[in-house]
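Residue numbering for the sequence shown follows this note's numbering, starting at 709 and increasing by one per position.
Positions of the beta carbon are idealized from the N, C-alpha and C atoms, including for glycine.
First up is the structure itself, then whatever we jot down about it.
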Amino acid sequence: MPPPPGITPPASDIVTLSLISHTNAGKTTLARTLLRRDVGEVRDAAHVTLFNESYTLLEEDARLLRLWDTPGFGDSARLLKRLQRERNPVLWFLSQTWDRLTDKPLWCSQQALKNVRDEADVVLYLVNATEPPEVAAYIAPEMEILGWTGKPVMVLLNQTGPLESQETDEAEMTAWREHLKGYVFVRDVLRMDAFARCWVQEDRLMESLAPLLAERKADAFKHLKRAWHERNVDVFRQSCRVLSELLTAAVLDGVAVRNETLLERVGIGRTDLNKEYQEAREKLATQLADRITATTNALIRLHGLEGESARALGALAKDQFHSPQPVPEAIWSVVGSVAGGAMGGLIADLKMGGMTFGGGALLGGLAAGLGAYALIKSYNLVRGGDQRLHWSREHFREQVRLAMLTYLAVAHFGRGRGEWQECVEPAHWNQVVEQVLDEHGDGVDRLWKEGVEKGGMPDALSKSALPLVTDCLSCTLARLYPEVTFDA
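As structure tokens, then:
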């Protein structure tokens, strides 16, 4: 049972992490990402945080995981000299009094370090990875300061940008580990970007912290680590359910149209039929865009994010969507920067109101003599078992890929970036997603056939779609992060 409100758990049930860095390295942005809520003030300036701030990362069964956000180190060499004066009580008292009156940031840094020494179980030392470790002159004095605290240190690489490849990631971490190998209190180096991290990396962090804790905290942290993982997995499973509902709706979606007459089949009097097929395609495209909008918004909410572009997408009017001009780029921020090939064709298709697909024929360019079958194929549609027009197998596979990329974009969006916004994502996502989709092609085709050709029931299709989506996304995350034991 949790303790009554206002009652602090015993010390053995509180695990304290202290977040420390050089000033303006992104501590508060990372705190926001880990906490899943906005805390502190984020701006591009030194000494934004002047005082220690304590936050609850997780509370589970009367056990507490706490995070301290501390003032950033400014003049590290001067700070180290101040801390070394502690051995002389008189000199320490005088310097403390003087700094409090004349140099508030320096005084706050000293108080923060004393707090770390007294309270922290593990120090999370955040570094700006945009510059090589040998170039960062502040590293050496700050390592001495961290050694002064007597606490185990986990170095986190921030501002790394999107992960381009596993080889690049390993090379970067190896460079930092090599540079810091002389400091025995540095126990590991991990990538933890406040702007582009994924929950799988958070689990890796928790696994790495476990052996650094004192024995009396081990049991509490074991429970907290499991609760952290289960919370992340719950969001993952809910995300899979949302995406499976999107794909189930796609294979069930259809528009009734009449069969072509004998004259129309030979190319005579096809104007009305062409118009009917065009309207059917645009209706399907609009419905698909609306579902993608709703699904993206649901994923954003599940991951504790906010975003003006997502709300604008939800408010998009249908007549605006059908306008001959493309929908504003911000509407497609979730996928526009990662799409390529046929994927880009699908997005262009939606932007233009269902008129094109992957460089396919425009309505105005169709030859008058084309039969209904060719016309439908040019729209990337097929007749289903219920004699309605549905998305083709190829188009549906692109929708599956779009769903997977949408999930990756949202799951990697750290709160350090603020509200949901357009961003450039790593190109290798497309490669990994395409590989996984190829391997699950039979399952994707089977789902499409059950819905389009056989007219399957919604409940049965949902039961087929959910494990398919879950397995596809699990395989994708496992390939993007092979160093993590993926268990969902």
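(request) Note the first and the last residue of the continuous beta strand (DSSP E) segment covering residue 1154. (result) Per DSSP, residue 1154 belongs to no beta strand (DSSP E); it is in the alpha helix (DSSP H), 1149 to 1156.
(request) Give a yes or no on whether the C-beta atoms belonging to residue 956 and residue 1166 are separated by under 8 Å. (result) yes
(request) May I ask you to list the residues that DSSP assigns as paired with residue 964? (result) 1096
(message) My assumption, with CB atoms under 8 Å, is that residue 1098 sits in contact with residue 1160. Please give the rounded CB distance.
(response) 5 Å
(message) For residue 912 and residue 1185, what's the separation of their Cα atoms in angstroms?
(response) 13 Å
(request) Buried or exposed for residue 1139, please, with buried defined as at least 16 other CB atoms from any protein chain shown within 10 angstroms of its CB. (result) exposed
(request) Can you have a look at residue 1134 and say buried or exposed, based on whether 16 or more other CB atoms are within 10 angstroms of its CB? (result) buried
(request) Note down the Cα distance separating residue 959 from residue 1095, rounded to an integer number of angstroms. (result) 14 Å
(request) Whole angstroms is fine: what's the gap from residue 719's alpha carbon to residue 774's? (result) 12 Å
(message) Closer than 8 Å is the cut-off here; do at least three beta carbon pairs connect the region 761 to 777 with the region 834 to 842?
(response) no
(request) Give me the Cβ distance between residue 888 and residue 916, rounded to the nearest whole Å; I'm assuming they're in contact under 8 Å. (result) With a Cβ gap of about 15 Å, residue 888 and residue 916 do not count as contacting.
(message) Suppose the cutoff is 6 Å on Cβ atoms and the five residues either side in sequence are ignored; what does the same chain contact list for residue 725 look like?
(response) 775, 830 and 832
(message) Would residue 949 and residue 1120 qualify as a contact pair, given that the criterion is a beta-carbon distance under 8 Å?
(response) no
(request) Give every residue of the same chain whose Cβ lies closer than 8 Å to the Cβ of residue 745, excluding the five residues on either side of it in the sequence, and list them in chain order. (result) 1012 and 1123
(request) Reducing DSSP to helix, strand and coil, say where residue 878 ends up. (result) helix
(message) Is the beta carbon of residue 821 closer than 8 Å to that of residue 847?
(response) no
(message) Check for me: the beta strand (DSSP E) holding residue 771 runs from which residue to which?
(response) 771 to 777
(request) Go ahead and pull the three-state DSSP assignment for residue 862. (result) strand
(request) Within the same chain, show all residues whose beta-carbon is closer than 6 Å to that of residue 1125, passing over the 5 residues directly before and after it, in chain order. (result) 903
(request) State the Cα-Cα distance for the pair residue 985 and residue 1145, rounded to the nearest angstrom. (result) 30 Å
(message) Contact criterion: CB-CB distance below 8 Å. Does residue 1169 meet it with respect to chain C?
(response) The chain inventory of the structure shown lacks chain C, comprising one protein chain alone.
(request) Would you decide whether residue 1147 is buried or exposed? Buried here means 16 or more other CB atoms lie within 10 Å of its CB. (result) exposed
(message) Excluding the 5 residues flanking residue 1141 on each side, which residues of the same chain have their C-beta closer than 8 Å to its C-beta?
(response) 1109, 1112, 1113, 1116 and 1184
(request) May I ask you to report which of helix, strand or coil DSSP gives residue 1114? (result) helix
(request) From the DSSP output, in three-state form, read off residue 764 for me. (result) strand
(request) Give me the Cα-Cα distance between residue 995 and residue 1104, rounded to the nearest whole angstrom. (result) 14 Å
(message) Buried or exposed, going by whether 16 or more other CB atoms sit within 10 Å of the CB of residue 779?
(response) buried
(message) On the DSSP bridge list, what partners appear for residue 980?
(response) BP columns for residue 980 are empty, so no partner.
(message) For residue 738, report the span of its alpha helix (DSSP H) as first-last.
(response) 735 to 743
(message) Buried or exposed for residue 860, going by 16 or more other Cβ atoms inside 10 Å?
(response) buried
(request) Ignore the nearest five residues each way along the sequence and tell me which others in residue 721's own chain have a CB closer than 7 Å to its CB. (result) 770, 771, 772 and 928
(request) Would you mind working out which of 952, 982, 988 and 989 sits nearest residue 1004, comparing C-alpha positions? (result) 952
(request) Could you please give the first and the last residue of the uninterrupted beta strand (DSSP E) stretch that includes residue 895? (result) 894 to 899
(request) Give a yes or no on whether the C-beta atoms belonging to residue 944 and residue 850 are separated by under 8 Å. (result) no
(request) In the DSSP assignment, find the unbroken alpha helix (DSSP H) run with residue 1091 in it and report its ends. (result) Element bounds for residue 1091: not the alpha helix (DSSP H) but the beta strand (DSSP E), 1089 to 1091.
(request) Give the secondary structure of residue 1120 by DSSP, where H, G and I count as helix, E and B as strand, and everything else as coil. (result) coil
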